[in-house]
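Student:
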Amino acid sequence: MRRNRGTYSIGFLNLRSIRILCLLVPFGLLVGCGVTKHIPENEKLYTGATIEINRDFSVKGFKELNAELEGLLKPEPNSKILGMRVGLWSHYKVQKENPGFINRFIYKKLGEEPVYFSSVEIAKTEGLILNRLDNNGFFFSEVNSEVQEQPKKASVNYKVDLAQPYQLGSYQYEKDSLPIDRSIRKLLEATKIAEGDYFSLEMMKNERTRLDEGLKNEGFYNFNPDFLIFEADTNQYDNKKFDLFLRLKENAPEKGIVPYEIKNIRVYPNYSSDEYGQETDTTTIENIDFIQDGLSFKPELLQQYILIEKDSLFNAKDTKLTSSRLTGIGNFRFVNLRYLETDTTIHEGKGALDANIYLTPLEKRSLRAELQGVSKSNNFAGPNLLLNYRNRNLFQGGETFSLTGQIGYESQIASGDRENLSAFEVGLKGDLIFPRVVFPISIKERFAYSVPKTKISLGTEYQDRRGYYRLNTVSASYGYFWNANRFVYHEITPIALNFVDLSNTSTEFDEILDSNLFLKQSFEHQFIAGLTYSFAFNKLMDKYRVHSIYFGANLDFAGGGLRLLNNALGSENQNTFLGFNYAQYNKGDIDFRYYWRFTEEKLLAFRLFGGAGLPYGNSVSLPFAKQYFSGGPNSIRAFSIRSLGPGSYSPDAESTSNYFDQAGDIRLEGNLEFRFPIVPYLKGAAFVDTGNVWLVNENEALPGGKFGKDWYRELAVGAGIGLRVDIEFFVIRFDLATPLRSPFLPEGERWAKEFKIGDSDWRSDNLVFNFAIGYPF
Numbered sequence: 074m075r076r077n078r079g080t081y082s083i084g085f086l087n088l089r090s091i092r093i094l095c096l097l098v099p100f101g102l103l104v105g106c107g108v109t110k111h112i113p114e115n116e117k118l119y120t121g122a123t124i125e126i127n128r129d130f131s132v133k134g135f136k137e138l139n140a141e142l143e144g145l146l147k148p149e150p151n152s153k154i155l156g157m158r159v160g161l162w163s164h165y166k167v168q169k170e171n172p173g174f175i176n177r178f179i180y181k182k183l184g185e186e187p188v189y190f191s192s193v194e195i196a197k198t199e200g201l202i203l204n205r206l207d208n209n210g211f212f213f214s215e216v217n218s219e220v221q222e223q224p225k226k227a228s229v230n231y232k233v234d235l236a237q238p239y240q241l242g243s244y245q246y247e248k249d250s251l252p253i254d255r256s257i258r259k260l261l262e263a264t265k266i267a268e269g270d271y272f273s274l275e276m277m278k279n280e281r282t283r284l285d286e287g288l289k290n291e292g293f294y295n296f297n298p299d300f301l302i303f304e305a306d307t308n309q310y311d312n313k314k315f316d317l318f319l320r321l322k323e324n325a326p327e328k329g330i331v332p333y334e335i336k337n338i339r340v341y342p343n344y345s346s347d348e349y350g351q352e353t354d355t356t357t358i359e360n361i362d363f364i365q366d367g368l369s370f371k372p373e374l375l376q377q378y379i380l381i382e383k384d385s386l387f388n389a390k391d392t393k394l395t396s397s398r399l400t401g402i403g404n405f406r407f408v409n410l411r412y413l414e415t416d417t418t419i420h421e422g423k424g425a426l427d428a429n430i431y432l433t434p435l436e437k438r439s440l441r442a443e444l445q446g447v448s449k450s451n452n453f454a455g456p457n458l459l460l461n462y463r464n465r466n467l468f469q470g471g472e473t474f475s476l477t478g479q480i481g482y483e484s485q486i487a488s489g490d491r492e493n494l495s496a497f498e499v500g501l502k503g504d505l506i507f508p509r510v511v512f513p514i515s516i517k518e519r520f521a522y523s524v525p526k527t528k529i530s531l532g533t534e535y536q537d538r539r540g541y542y543r544l545n546t547v548s549a550s551y552g553y554f555w556n557a558n559r560f561v562y563h564e565i566t567p568i569a570l571n572f573v574d575l576s577n578t579s580t581e582f583d584e585i586l587d588s589n590l591f592l593k594q595s596f597e598h599q600f601i602a603g604l605t606y607s608f609a610f611n612k613l614m615d616k617y618r619v620h621s622i623y624f625g626a627n628l629d630f631a632g633g634g635l636r637l638l639n640n641a642l643g644s645e646n647q648n649t650f651l652g653f654n655y656a657q658y659n660k661g662d663i664d665f666r667y668y669w670r671f672t673e674e675k676l677l678a679f680r681l682f683g684g685a686g687l688p689y690g691n692s693v694s695l696p697f698a699k700q701y702f703s704g705g706p707n708s709i710r711a712f713s714i715r716s717l718g719p720g721s722y723s724p725d726a727e728s729t730s731n732y733f734d735q736a737g738d739i740r741l742e743g744n745l746e747f748r749f750p751i752v753p754y755l756k757g758a759a760f761v762d763t764g765n766v767w768l769v770n771e772n773e774a775l776p777g778g779k780f781g782k783d784w785y786r787e788l789a790v791g792a793g794i795g796l797r798v799d800i801e802f803f804v805i806r807f808d809l810a811t812p813l814r815s816p817f818l819p820e821g822e823r824w825a826k827e828f829k830i831g832d833s834d835w836r837s838d839n840l841v842f843n844f845a846i847g848y849p850f
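So that you can map any letter, position 757 of the sequence shown is 830 in my numbering, and since no number is skipped, the others follow by simple counting.
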């Protein structure tokens, strides 16, 4: 059995805490005194303001209103770190004749100019609060202020006596006889303004913006939201209610309130700043003129990306989508869609536009060499040399051909008591991407946001796992990928083939396989043929969203198609295809993530992962490359890579063979991490991880590994802290964690009870250090 993870003495914790407090308290007093004594005699340090709202009625959206008013309390006082104004203290320290290196460093990172009470404009702030209340319908409210002074400090308390808000009685458009009136009335059917809403300038502004967007999608090219005027009328009511009227400005220009038709569409597929020469050719397809020097891009293919049509009304949405679709081809450096009014007069109540699309191609061929430092999720790291050749627009239809060769060496880091594994790898892969659906039967794509792309891949890889085995891999795939909108991504691969030839196995590795028949079979079933599908919904990229989520799902079905083909061909051996054993399984997993952002850089991140692979037919376990594992820098960080599970399985001793044994068909995992800034480019984290892996079928070589009704008793738990060097385009991550619960220990002993941080032996056995590139989730 494994050694029990160490223990933590409560007495030691108290002593440690006392020592820290003994250091912090004097430092806090030093900072506080250092700040106070530097404040000039005729000044007081401004410590901030509060706002108190008095009301005797309920208010819809009161929290939002209160937050809006608090945002008006300027200036911001000097910030605090753990209750101490370190930034202000460092400012005063650098004013000395010889401030010293440490003081200059602290000031450079955290320094702040002092904010004195004399800079606070109380009357101006009161005016801003009243103005904001009026903008939200709380007319005739009152604002007073009270200054609270101390010998060296001062703050302000603003008191608001909130008046009853004005509420909407009705909302209507003043009808007229113009064509634009019909469009406006139609758009008003979807308005978000409703009876009972408070008077709000922001609400009216949003309504004008919504109407402007809707009208531009119905041909009104020159319309401006300033052409719309709101008028409020309280004369019909004795209480605080109002009617809202919308009308057009009387002096709105004629060109701004008439629809425009597109008369001509011209596309320049190889546009540059140089003038086109005498060899320019024009090809017309579907009323679109393609003008280019020679054949740069096949017009019949390029036409499929253009949504605007001749003699149709101008549509801002179709214009934006057309630009997005053309950009998505990946062949153009610039995509510019410009409209030109063809006549200065209006005919029959409509204007006329010409649409010109200028496309500037990227360099057709490129060659890149790259020396990489690779860090993988399985704790392998090492140098990698990559050579890539790319040919854009291979067949004049936007096709991209990429050929990548790589050679690398990797070694397992943080392997614990195991012998370090290492591998030498050489690979060659070719990808051909068509920026459209390629299928034997013609398919008219119906995706407005993004045109699906077809990807064909063929590759081979040679891996020499030093001292254990060699793998020769050949893979091929055919599939499609596309963005349904800004947040949703799909990828489906109906043909995914993978063949792995295991050779040159060592005696030690043969012994590992012979001792675990399931593992042996997972290496034997090296012909994988199936279908995969991936889905992702991602809103995490928006740093200004308070609550954001990510949801990903993957499906992997292998072997079913070959079995049906065997049946159709009347094969005698249903478990082989073309003489090879093939894997049969269905696998799926989900990945849910939730970010709660307190500020742009301070957030609480949560992840829940669940996955299961169900072998069937001639398979009793998943192929080795498809199995789940737990532990490591992107998993449960208090346990080294592949040191957990399956279930409560506990090897007699930690060795290299465990790296191959400790994997499973089922994985459940949860992570909670608080991330916060420390100084620019350096961020901290505190986290808790839990989870494990299990087997679907009982394996005598791994007792306790099967998933059962008591699976929750076999969850591992770990916690730790981390540092992240975040330099915009990449992140270097360091995590230090310790186990709180170890499922491989006997029941009753799984929770850690003592933590001897001061004991070097305990630290060696229980602290796990992780190094990785990027955030874990």
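Each residue gets a CB set at the ideal place from its N, CA and C atoms; glycine is no exception.
1. Suppose only complete runs of 3+ residues qualify. What are the beta strand (DSSP E) ranges in the region 394 to 424, listed by chain order?
2. Are residue 232 and residue 143 closer than 8 Å when you measure CB to CB?
3. Taking the Cβ atom as the reference point for each residue, do residue 555 and residue 607 lie within a distance shorter than 8 Å?
4. When DSSP labels each residue in this structure, what does residue 376 get in the three-state scheme?
5. Look at residue 721 and residue 787 and say whether their C-beta atoms are less than 8 Å apart.
6. Residues in its own chain within less than 6 Å of residue 717 by CB, not counting five upstream and five downstream?
7. Going along the chain, which residues of its own chain have a beta-carbon closer than 8 Å to the beta-carbon of residue 269, five neighbours each way excluded?
8. Between 672, 514, 770 and 204, which lies nearest to residue 694 when the distance is taken from Cα to Cα?
9. In chain order, what residues of the same chain have a beta carbon less than 8 Å from the beta carbon of residue 847, not counting five sequence neighbours either side?
10. Given residue 289, which residues of its chain have a CB within under 7 Å of its CB, disregarding the five upstream and five downstream residues?
11. I'd like to confirm something about residue 398: is its beta-carbon nearer than 7 Å to some heavy atom of the ligand ATP, or not?
12. Counting only the same chain and skipping the five closest in sequence on each side, list residues whose C-beta sits under 7 Å from that of residue 799.
13. So, helix, strand or coil for residue 371, using DSSP?
14. Could you tell me how far apart the beta carbons of residue 745 and residue 666 are, in whole angstroms, since I believe they sit closer than 8 Å?
15. Here's a check: name, in chain order, each residue in its chain whose Cβ is nearer than 7 Å to the Cβ of residue 306, leaving out the five neighbours to either side.
16. If you reduce the DSSP assignment to three classes, tell me which class residue 295 lands in.
17. Sort out for me which residues DSSP pairs residue 495 with in a bridge.
18. When you compare the CB positions of residue 298 and residue 320, do they come within less than 8 Å of one another, or not?
19. Output the distance between the C-alpha atoms of residue 228 and residue 670, rounded to the nearest integer angstrom.
20. Can you give, in chain order, each stretch of the beta strand (DSSP E) that sits fully within the region 626 to 673 and has at least 3 residues?
21. Taking the alpha carbon of residue 602 as the reference point, which residue from 656, 689 and 660 has its own alpha carbon closest?
22. What's the gap between the Cα of residue 217 and the Cα of residue 122?
23. Tell me where the beta strand (DSSP E) around residue 688 begins and ends.
24. Return the chain-ordered list of same chain residues with a C-beta closer than 7 Å to the C-beta of residue 584, the five sequence neighbours on each side being excluded.
25. Quick one: give me the first and last residue of the alpha helix (DSSP H) that residue 279 is part of.
26. Report yes or no: do three or more beta-carbon pairs, one from the region 463 to 482 and one from the region 425 to 441, lie closer than 8 Å?
27. Touch check for the region 566 to 584 and the region 534 to 546: three-plus C-beta pairs under 8 Å?
28. Buried or exposed: where does residue 253 fall if 16 or more other Cβ atoms within 10 Å of its Cβ makes it buried?
29. Determine the direct distance from the alpha carbon of residue 619 to that of residue 199, and round the result to whole angstroms.
30. Using CA atoms only, rank isn't needed, just tell me which of 275, 468 and 381 is closest to residue 429.
31. Going by other Cβ atoms of all chains shown within 10 Å of its Cβ, with 16 needed for buried, is residue 547 buried or exposed?
32. If you reduce the DSSP assignment to three classes, tell me which class residue 709 lands in.
33. Relative to the C-alpha of residue 411, which candidate in 167, 636 and 427 has its C-alpha closest?
34. Using the Cβ count rule (16 or more neighbours within 10 Å means buried), how would you classify residue 180?
35. So for residue 500, helix, strand or coil by DSSP?
36. Check whether the Cβ of residue 410 lies closer than 8 Å to any Cβ atom in chain B.
Tutor: So, from the listed chains and residues:
1. Counting only runs of 3 or more, we get 405 to 414.
2. As a working mapping, residue 232 is identified with position 159 in the sequence shown. As a working mapping, residue 143 is identified with position 70 in the sequence shown. In terms of Cβ geometry, residue 232 and residue 143 do not form a close pair [threshold 8 Å].
3. Counting from one through the sequence shown, the residue named residue 555 turns up at place 482. Counting from one through the sequence shown, the residue named residue 607 turns up at place 534. Cβ distance not < 8 Å, so residue 555 and residue 607 don't count as in contact.
4. Your numbering for residue 376 matches position 303 in the sequence shown. Residue state, collapsed to three classes: helix.
5. As a working mapping, residue 721 is identified with position 648 in the sequence shown. As a working mapping, residue 787 is identified with position 714 in the sequence shown. The Cβ-Cβ distance between residue 721 and residue 787 falls below 8 Å.
6. The count along the sequence shown starts at 1 and reaches residue 717 at position 644. These residues qualify, in order along the chain: 703, 704, 765 and 789.
7. The count along the sequence shown starts at 1 and reaches residue 269 at position 196. Here the set comprises 240 and 241.
8. In the sequence shown, residue 694 corresponds to position 621, counting from 1. Residue 694 has its Cα closest to that of 770, out of 672, 514, 770 and 204.
9. Walking along the sequence shown from the start, residue 847 turns up at place 774. Cβ within range, chain order: 803, 804 and 806.
10. As a working mapping, residue 289 is identified with position 216 in the sequence shown. The residues are 296 and 389.
11. The model on display carries no ligand, and the ligand ATP is accordingly not part of it.
12. Translated into positions along the sequence shown, residue 799 becomes position 726. Within the same chain, Cβ atoms closer than 7 Å to the Cβ of residue 799 are found at 754 and 756, the five residues on either side in sequence being excluded.
13. Looking up residue 371 in the sequence shown gives position 298. Secondary structure at residue 371: coil, using DSSP grouped into helix, strand and coil.
14. Looking up residue 745 in the sequence shown gives position 672. Looking up residue 666 in the sequence shown gives position 593. Actually they do not touch by this definition, with Cβ atoms about 11 Å apart.
15. Counted from its first residue, the sequence shown places residue 306 at position 233. Answer for residue 306: 315, 316 and 318, listed in chain order.
16. As a working mapping, residue 295 is identified with position 222 in the sequence shown. Coil, per DSSP.
17. Mapped onto the sequence shown, residue 495 falls at position 422. DSSP output for residue 495 lists 484 as bridge partner(s).
18. Looking up residue 298 in the sequence shown gives position 225. Looking up residue 320 in the sequence shown gives position 247. Their beta carbons are not under 8 Å apart, which means residue 298 does not touch residue 320 by this criterion.
19. For this step, residue 228 is matched to residue 155 along the sequence shown. For this step, residue 670 is matched to residue 597 along the sequence shown. Looking at the two C-alpha atoms, the distance is approximately 29 Å.
20. For the region 626 to 673, whole beta strand (DSSP E) runs of length 3 or above, ordered along the chain, are 658 to 670.
21. By 1-based counting over the sequence shown, the position of residue 602 is 529. When 656, 689 and 660 are compared, the shortest CA-CA separation from residue 602 is found for 656.
22. Translated into positions along the sequence shown, residue 217 becomes position 144. Translated into positions along the sequence shown, residue 122 becomes position 49. Each residue's Cα considered, the two are about 13 Å apart.
23. The residue given as residue 688 occupies position 615 in the sequence shown. Counted as a single uninterrupted DSSP element, the beta strand (DSSP E) harbouring residue 688 occupies residues 676 to 688.
24. As a working note, residue 584 is residue 511 in the sequence shown. Contacts found: none.
25. The residue given as residue 279 occupies position 206 in the sequence shown. Counting along the chain, the unbroken alpha helix (DSSP H) around residue 279 starts and ends at 274 to 289.
26. Counting Cβ pairs under 8 Å, three or more are found: they touch.
27. Short answer: they touch.
28. As a working mapping, residue 253 is identified with position 180 in the sequence shown. Counting Cβ neighbours within 10 Å, residue 253 comes out buried, since at least 16 surround it.
29. Counting from 1 along the sequence shown, the entry for residue 199 is found at position 126. Counting from 1 along the sequence shown, the entry for residue 619 is found at position 546. Using only the alpha carbons, I get a separation of about 29 Å.
30. Against the sequence shown, residue 429 aligns to sequence position 356. Ranking the options by Cα distance to residue 429, first place goes to 381.
31. Mapped onto the sequence shown, residue 547 falls at position 474. Exposed is the call here.
32. For the purposes of this step, residue 709 is taken as the residue at position 636 of the sequence shown. Coil, per DSSP.
33. Against the sequence shown, residue 411 aligns to sequence position 338. Checked all of 167, 636 and 427; the closest Cα to residue 411 is 427.
34. For the purposes of this step, residue 180 is taken as residue 107 along the sequence shown, with counting starting at 1. It counts as buried.
35. Along the sequence shown, one-based indexing puts residue 500 at 427. The answer is strand: DSSP assigns residue 500 an E or B state.
36. Chain labels in this structure do not include chain B; a single protein chain is all it has.
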